[in-house]
Each structure stands twice: as C-alpha cells, then as structure tokens.
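> Start counting the sequence shown at 101; every next residue gets the next number (this note's numbering).
Ideal Cβ positions, reconstructed from N, Cα and C, are used throughout, including at glycine.
Remember, it's a predicted structure, so these values are computed and weren't measured experimentally.
Questions regarding the structure given below will be posed in turn.
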Amino acid sequence: MYKILILNGPNLGALGVREPEIYGKQGLDQVPALIQRVMCCDFAKIQLEFFQSNSEGALIDRLEQAKKDKVDGVAFNAGAYTHTSLALADCLAWIKIPCVEVHISNVFARKEEIRRQSYMATQVIGIISGFGINSYALAVRALFDYLENKPK
Ligand code: DQA
C-alpha cells in the first residue's frame with residue numbers, strides 16, 4: 101500500500117469556477133473518481149490524502165507532515181507558487197519524497213513567459229501538464245508505476 105498525497109496550492113480550491121476556459125468546469129471533488137478510473141485495479145493499492153491551501157507556509161508544513169507520516173509520493177500542483185517559490189523547492193529538496201509536478205493547463209503553451217519557468221522542476225521526478233483535471237490522475241498513475249519499479 102502506497103500513501104499518496106494530492107497537494108494543491110493557491111486558487112486551486114476554486115477549480116470549476118475559476119477561469120473555466122483555461123482550467124475547465126470540474127472541481128477538485130471530481131479528482132478521486134478520475135484517479136479511480138485511471139488506476140483501475142491498482143486503486144486498491146493506494147491510500148490517498150488531499151490537501152489544498154492558498155498559503156505557502158501551510159503547503160510547506162503539510163509536506164513536512166508528509167515526511168513524518170512516511171508518505172510515499174506527492175502529486176503537487178503548486179499553482180502560481182510553481183513559478184515563484186524557492187521555499188517550496190527547498191522543502192522538496194530535503195524531504196526527498198518522490199513528487200510529480202502537476203498542471204491542469206499546459207504551462208509551456210501559456211502566453212505569459214513566467215509560466216514556463218518552474219522552481220520545482222529540478223526537485224521532481226517528472227511533470228504532467230495540460231490534460232485538464234485528468235492531469236492529477238495521470239500523475240498518480242506515474243507515481244505508482246515509479247514506486248513499483250524503484251529498486252527497493
Ligand atoms: C496551474 C498553472 C499555473 O501557472 C497557475 O498559476 C495555476 C494553475 C495549472 O494547473 O495549470 O494556478 O498550476
């Protein structure tokens with residue numbers, strides 16, 4: 101059984117309402133069902149935890165808690181903090197929990213140049229970006245396969 105934390109940063113609590121033309125019409129409450137569909141029979145082998153906060157410190161506190169709780173993997177959409185937060189990158193660097201960076205939109209295709217920059221990118225095993233809310237489910241699938249294949 102793997103413990104997987106789905107971590108969401110600022111403005112992601114407003115998914116479904118917030119700029120639906122970019123982020124879609126589904127809320128974070130739809131994510132568990134999408135994960136169940138993508139994980140198929142492996143769904144029984146994961147235990148999911150969810151946390152969203154608009155504040156940087158609370159996200160760092162939650163990651164530190166995940167370390168204490170021996171969480172196996174994190175699927176992390178840090179929202180705009182992706183592009184600004186050295187503090188979050190520093191946290192990922194020391195806790196060393198395998199993390200997949202998640203974005204609903206394809207940040208590399210967005211018009212603002214800053215969205216193509218990620219402080220987290222050097223601290224994650226990979227990035228899933230641009231698949232709408234299904235990005236979370238694909239990230240969990242990728243994390244699970246990574247954990248299964250990691251040398252013990
Ligand atoms: C986002 C992309 C970020 O640039 C933005 O600040 C967000 C959401 C995404 O999921 O596409 O809040 O992380």
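Enumerated in chain order, which unbroken segments of the alpha helix (DSSP H) with a length of 4 residues or greater are wholly contained in the stretch 162-240?
Here the runs fully enclosed are 186-195.
> Can you list, in chain order, the residues of its chain whose CB lies under 6 Å from that of residue 217, leaving out five sequence neighbours each side?
Taking the sequence shown and counting its residues from 1, the one referred to as residue 217 is at position 117. Only 183 meet the Cβ criterion.
> So who's on the other strand from residue 152, going by DSSP bridges?
To locate residue 152, count along the sequence shown from 1; it is residue 52. The partner list for residue 152 (beta bridge, DSSP) reads 108.
> May I have the straight-line CA-CA distance separating residue 132 from residue 208, to the nearest angstrom?
If you number the sequence shown from 1, residue 132 lands on position 32. If you number the sequence shown from 1, residue 208 lands on position 108. So the two alpha carbons sit approximately 26 Å from each other.
> If you measure between the beta carbons of residue 105 and residue 159, is that distance less than 8 Å?
Along the sequence shown, read from residue 1 onward, the residue named residue 105 stands at position 5. Along the sequence shown, read from residue 1 onward, the residue named residue 159 stands at position 59. Not a contact, by the Cβ cut-off of 8 Å.
> Starting from the C-beta of residue 126, find all residues in its chain whose C-beta is less than 6 Å away, skip the five residues before and the five after it, and write them out in chain order.
Working through the sequence shown from its first residue, we reach residue 126 at position 26. Within the same chain, residue 126 has close Cβ partners 116, 233.
> Can you have a look at residue 191 and say buried or exposed, based on whether 16 or more other CB atoms are within 10 angstroms of its CB?
Reading the sequence shown from its first residue, position 91 is the one you call residue 191. Buried, by the Cβ-count rule.
> Any idea what DSSP makes of residue 103, helix, strand or coil?
Numbered from 1 along the sequence shown, position 3 holds the residue referred to as residue 103. Correct three-state label for residue 103: strand.
> State buried or exposed for residue 152, treating a residue as buried only when at least 16 other CB atoms are found within 10 Å of its CB.
Taking the sequence shown and counting its residues from 1, one reaches residue 152 at position 52. Buried is the call here.
> Assuming residue 202 and residue 175 form a contact by the criterion Cβ under 8 Å, report the distance between their Cβ atoms to the nearest whole angstrom.
Counting from one through the sequence shown, the residue named residue 202 turns up at place 102. Counting from one through the sequence shown, the residue named residue 175 turns up at place 75. About 5 Å; that satisfies the 8 Å criterion.
> Taking residue 226 as the reference, give the member of 113, 210, 197, 101 with the closest Cα.
Along the sequence shown, read from residue 1 onward, the residue named residue 226 stands at position 126. Nearest option by C-alpha distance: 197.
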